[in-house]
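Chains as they are written, first to last, in the numbering used here: chain H, 1 to 112; chain W, 1001 to 1113.
What follows is the structure, given as structure tokens:
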């Protein structure tokens, strides 16, 4: 069954505003990752946060992880039109397989 | 350093035909993953392979689908006797170890007529 579920499913904001996307998951994890996918393209890794970390930054990205609530959030600050894409969270479970399980994604539209 | 290479990028098959999708991982990567994506949906895990070994195929349909990653050459996802429901984008990803960031190819888009 699908592990991560993103919220909202779609988000439309004005350029310059911040975008926040949330992800919930069900089982214990080793790490949680966020990926970006432009329409018709492959996925690009954005950031990885380990289960013993609570917050991580990378440029305009800020990721938080709350293992007690089994949730994560991705914040994109000062958004740009080029940030328009689908964003997926993915969890690596604590079983031995190391496979990533992806959520259904948030489609972000940044209006110029 | 070339990324993950998938071919073909687009493939059209008629019902009952076979589809073969190829994936060459990044140089130095020995772990390969295949995922399927339907329009407007997330990626569904299919199979995880290392060289000459299937590690986890829990996401593979029991029939018609098979995957391999031989000692030499690309990983291949094979779909026999395709049906319309097999139409999707199939993504391959690789990693240098079994954990952490995955590097994705651009996908192979299969259309079954």
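Cβ coordinates follow ideal geometry from the N, Cα and C atoms, glycine included.
Residue 1045 of chain W vs residue 1059 of chain W beta-carbon contact at 8 Å: yes
From residue 55 of chain H to residue 1011 of chain W, what distance separates their C-alpha atoms? 42 Å
Can you confirm whether the region 8 to 19 of chain H touches the region 99 to 112 of chain H when touching is taken to mean that 3 or more C-beta pairs between the two stretches lie within less than 8 Å? yes
Distance, residue 37 of chain H Cα to residue 1003 of chain W Cα: 16 Å
What are the boundary residues of the beta strand (DSSP E) that includes residue 93 of chain H? 85 to 93
Under a three-way DSSP split, which group does residue 81 of chain H fall into? helix
Which chain H residues are close to residue 1106 of chain W, counting only those with a beta carbon under 9 Å from its beta carbon? Chain H residues near residue 1106 of chain W: 40, 41 and 42.
Whole-angstrom C-beta distance between residue 1016 of chain W and residue 1097 of chain W, which should lie under 8 Å: So it is not a contact: roughly 40 Å between Cβ atoms.
Is the separation between the beta-carbon of residue 1008 of chain W and that of residue 1099 of chain W shorter than 8 Å? no
Between the region 91 to 109 of chain H and chain W, which residues of the former have CB atoms less than 7 Å from a CB of the latter, in chain order? 92, 97, 98, 99, 100, 101, 102, 103, 104 and 105
Work out the CA separation of residue 1048 of chain W and residue 1112 of chain W for me, nearest whole Å. 25 Å
Three-way DSSP call (helix, strand, coil) for residue 1084 of chain W in this model: If DSSP states are grouped into helix, strand and coil, residue 1084 of chain W belongs with the helices.
Cβ of residue 30 of chain H less than 8 Å from any chain W Cβ? yes
Secondary structure of residue 9 of chain H, DSSP reduced to three states: coil
Rounded to whole angstroms, what's the CA-CA distance from residue 1025 of chain W to residue 70 of chain H? Just pull it up for me. In this structure, the alpha-carbon of residue 1025 of chain W lies about 32 Å from that of residue 70 of chain H.
In chain order, what residues of the region 1057 to 1076 of chain W put their CB closer than 7 Å to some CB of chain H? From the region 1057 to 1076 of chain W, no residue has a Cβ closer than 7 Å to chain H.
Measure the C-alpha to C-alpha separation of residue 104 of chain H and residue 7 of chain H and round it to an integer number of angstroms. 9 Å
Anticipated Cβ contact below 8 Å, residue 88 of chain H with residue 43 of chain H, distance rounded: 7 Å
Does any residue of chain H have a CB that is nearer than 8 Å to the CB of residue 1099 of chain W? yes
Indicate whether residue 48 of chain H and residue 85 of chain H have their beta-carbon atoms separated by less than 8 Å. no
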